[in-house]
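Everything below concerns the one structure shown next.
2 protein chains.
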Amino acid sequence: MTRKPQICEVAPRDGFQSISNPLPTEEKIGIIRALAAAGCARIEIGSFVSPKAIPQMADMAEIAAAVRELPARLCALVPNVRGAENALGAGITEVCYVLSISERHNQNNVRQSFAQSLAGLQDVVSVLPEDAILRVDLATAFDSPFDGTVPLADVLSAVAKVGQIAPRAEIALCDTTGRANPFMVTTRFAAAMSLPETAGNGWAFHGHDTFGQGVANAVAAWQSGVDAFDTAAAGLGGCPFAPGATGNTATEDLVFAFNEGGFETGIDIKVLLDVADRIAALPGAVVASHLRHVPRRRAA
Amino acid sequence: MTRKPQICEVAPRDGFQSISNPLPTEEKIGIIRALAAAGCARIEIGSFVSPKAIPQMADMAEIAAAVRELPARLCALVPNVRGAENALGAGITEVCYVLSISERHNQNNVRQSFAQSLAGLQDVVSVLPEDAILRVDLATAFDSPFDGTVPLADVLSAVAKVGQIAPRAEIALCDTTGRANPFMVTTRFAAAMSLPETAGNGWAFHGHDTFGQGVANAVAAWQSGVDAFDTAAAGLGGCPFAPGATGNTATEDLVFAFNEGGFETGIDIKVLLDVADRIAALPGAVVASHLRHVPRRRAA
């Protein structure tokens with residue numbers, strides 16, 4: 001059976017968050033609808049976080065109400081039980097929880113220790129209904145902006161703990177800085193996937209193209225058996241706490257690799273590129289894409 | 301035994317040719333020396349072609365005389381017997397001959413049919429001394445700017461003919477437009493390498509990053525058993541007869557993947573990035589690199 005790659009579009013979360021001035025709610029909703037129309041089957045629509053911490057996400061309930069009937073798997077980032085309850089209350093039954101393996105990055109990102117974040121994961125798991133879907137993002141699974149290469153032992157220890165707390169979750173190894181290389185991606189996924197604690201988990205790769213390795217790293221993950229990939233249309237985004245990190249790998253660049261390589265993502269590249277152009281035109285957007293800059297007739 | 305990737309630096313040929321106003325000979329020589337000092341063990345120093353056809357290469361004899369004692373394998377492109385004789389006369393004993401599998405691209409590139417180019421290859425082979433090294437570049441081995449995807453059967457037919465004429469040559473499958481994808485690279489190299497006619501040939505991959513697949517395609521070739529990779533420092537270059545094609549994959553981006561992934565190329569990235577900056581500053585240079593834009597302390 002031919003495997004089918006799942007593209008998880010994160011521009012509305014990782015991407016919109018990177019634009020300091022909050023976008024109009026209607027524009028966000030319009031872009032999420034356009035992404036679904038392009039064939040994006042999984043979309044991270046935003047974060048149910050305190051508007052004080054991230055003002056760009058203050059309109060999540062309104063967005064969720066407007067898009068929740070779309071024919072796509074919709075996911076929202078939640079930092080804690082309150083966020084999870086708000087997501088569920090808004091009809092979003094797939095949530096993403098983030099922990100960073102680097103202590104220092106975790107402190108910068110969510111102002112708590114990794115152990116505290118693990119306890120928070122346990123709390124979120126305990127309030128999720130049986131039919132909810134959980135994604136766990138393990139940030140700095142390769143490299144940390146503060147500490148350089150993160151030891152494989154630290155990654156495996158973190159993955160094992162997550163597997164014990166959330167044995168059915170989809171675990172993403174996140175290349176937060178874009179500094180992973182494809183050989184390292186292969187090694188780390190193989191090791192993580194062979195842990196007995198992760199026997200029931202699914203797998204995802206979240207990558208950036210900052211060092212030019214974005215597509216290569218995702219393809220290495222795919223070859224390791226990973227089926228889900230976080231990307232952002234137009235390459236919008238970046239981590240505000242990871243200096244030098246540019247946007248997520250552009251959705252169009254990775255979709256090109258899969259679609260042209262015979263592994264259909266279900267995404268229509270021409271329609272997607274129109275959405276990517278719309279995203280790139282947002283005031284304050286910082287984008288990075290290869291495919292947007294080739295003649296459109298050659299892109300698909 | 302750990303395999304060692306060979307980076308073939310082509311900025312002085314594919315790259316300098318893309319700059320319309322000829323560069324000062326001393327500047328070219330300086331850059332070739334600096335590339336060797338960065339650890340580039342194979343360098344394509346230019347083309348022994350008619351100065352009428354490509355005025356940028358009129359000073360090849362002078363360049364060859366100045367660099368031929370460098371501790372690196374030096375190669376020069378030759379379009380015909382006269383070019384080969386001029387290269388040999390200048391002390392360059394490794395030559396590269398180009399044929400394009402797409403008839404229309406071959407006509408645009410060298411104004412003759414593929415069959416005529418094959419006859420030209422036979423002529424070049426016949427004048428090369430026993431100890432000379434031959435590289436054969438098969439352009440448009442994946443995609444043609446005029447015809448789209450080039451049929452695999454055409455590629456295999458071309459490869460088999462080259463293998464018969466030049467049974468010990470290093471054959472490069474060239475992604476002239478950058479439109480190959482890693483899955484296609486895997487498939488085509490596997491098929492080409494299993495032809496009985498190529499049993500004695502070595503293999504190289506020449507790629508561009510136009511569609512964001514540059515590093516991914518090279519890594520796919522490496523995984524297929526290919527050991528040599530054409531790249532250009534700073535991503536300088538492009539094919540003047542392939543509309544929309546930007547430069548070769550940046551040497552620094554691919555070296556990062558290999559060095560960081562545990563397959564040492566012998567190239568010092570920090571030194572290379574200084575050369576890449578020098579190349580990017582050349583008047584008329586069009587470049588594309590990821591690594592040049594990350595904080596230098598993070599690049600290696």
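For the record, the sequence lines run as chains X and S.
Quick note, the first sequence lines up with residues 1 to 300 if you use my numbering.
Quick note, the second sequence lines up with residues 301 to 600 if you use my numbering.
Note that the Cβ used here is the ideal one computed from N, Cα and C, for glycine as well.
Remember, predicted model here, so these are calculated numbers, not experimental data.
- As a beta-bridge residue in DSSP terms, phenylalanine 529 of chain S pairs with S:Ile307, S:Phe505.
- For glutamine 6 of chain X, no chain S residue has a Cβ inside 7 Å of its Cβ, as the nearest lies near 17 Å away.
- Glutamine 17 of chain X counts as buried, since at least 16 other C-beta atoms from the protein chains shown sit within 10 angstroms of its C-beta.
- Using a Cβ-Cβ cut-off of 9 Å, aspartate 553 of chain S is close to Phe211, Gly212, Gln213 of chain X, given in chain order.
- Neighbourhood of leucine 291 of chain X in chain S, by CB distance below 8 Å: Phe511, Gly512, in chain order.
- Nearest CB-CB separation between phenylalanine 556 of chain S and chain X: below the 7 Å threshold.
- Glycine 120 of chain X and glutamate 344 of chain S have their C-alpha atoms some 57 Å from each other.
- Listed along chain S, the residues sitting closer than 7 Å to glycine 261 of chain X by beta-carbon distance are Asn481, Pro482, Phe483, Met484.
- The alpha helix (DSSP H) runs of length 4 or more contained entirely in the segment 52-92 of chain X are, from start to end of the chain, 60-67, 81-89.
- For arginine 3 of chain X, none of the residues of chain S pass the 9 Å Cβ criterion, the least Cβ distance being about 12 Å.
- Sequence-distant partners of valine 275 of chain X (beyond 5 residues in either direction) whose C-beta falls short of 7 Å from its own C-beta, in its chain, are Ile31, Ala34, Leu35, Ala38, Ala233.
- Residue state for valine 271 of chain X is assigned as helix, using DSSP reduced to three classes.
- Of all residues in the segment 95-115 of chain X, none is placed with a Cβ closer than 7 Å to any Cβ belonging to chain S.
- Assignment of alanine 341 of chain S by DSSP, reduced to helix, strand and coil, places it in the coil class.
- Remark: C-beta atoms of proline 322 of chain S and glutamine 356 of chain S approach each other more closely than 7 Å.
- Between the alpha carbons of arginine 596 of chain S and valine 571 of chain S lies a gap of roughly 11 Å.
- For the C-beta of alanine 216 of chain X, the chain S residues within less than 7 Å are, from N- to C-terminus, Val515, Ala516, Val519, Ala557.
- Annotation: the continuous beta strand (DSSP E) that includes isoleucine 471 of chain S extends over 470-474.
- Take the alpha-carbon of valine 398 of chain S and the one of valine 436 of chain S: they are about 6 Å apart.
- The segment 420-497 of chain S is shown to contain whole beta strand (DSSP E) runs of 3 or more residues at 433-439, 470-474, in chain order.
- For alanine 550 of chain S, the C-beta contacts it makes with chain X under 8 Å involve Gly212, in order along the chain.
- Here serine 400 of chain S carries a strand assignment [DSSP, helix/strand/coil].
- For glutamine 523 of chain S, the uninterrupted alpha helix (DSSP H) segment begins and ends at 514-523.
- Annotation: threonine 549 of chain S is outside any alpha helix (DSSP H) and is labelled neither H nor E by DSSP.
- Classified as buried, arginine 188 of chain X has 16 or more neighbouring CB atoms from the shown chains inside 10 Å of its CB.
- DSSP, reduced to helix, strand and coil, places glutamate 564 of chain S outside both helices and strands of the structure shown, so it counts as coil.
- Take glycine 463 of chain S, set aside five residues on each side of it, and the residues of its chain with a beta-carbon closer than 6 Å to its own are Glu497, Thr498, Asn501, in chain order.
- The three-state secondary structure of serine 113 of chain X, taken from DSSP, is coil.
- Identification of residues in the segment 266-280 of chain X having a C-beta nearer than 8 Å to some C-beta of chain S yields an empty set.
- About 6 Å separates the beta carbons of alanine 158 of chain X and leucine 138 of chain X, which is inside the 8 Å limit, making them a contact pair.
- About 33 Å separates the CB atoms of alanine 453 of chain S and glutamine 213 of chain X; that is not less than 8 Å, and the two are not in contact.
- Cβ neighbours of proline 51 of chain X within its own chain (closer than 8 Å, five residues either side excluded): Met57, Ala58.
- Distances from the alpha-carbon of lysine 161 of chain X to those of X:Phe142, X:Ala192, X:Ala285, X:Asn108 put X:Ala192 closest.
- Using a Cβ distance threshold of 7 Å, leucine 236 of chain X and alanine 11 of chain X count as a contacting pair.
- Collapsing the DSSP output to three states places serine 347 of chain S in a strand.
- Non-local beta-carbon contacts of aspartate 123 of chain X in its own chain, meaning distances under 8 Å to residues more than five positions away in sequence, involve Asn80, Val81 in chain order.
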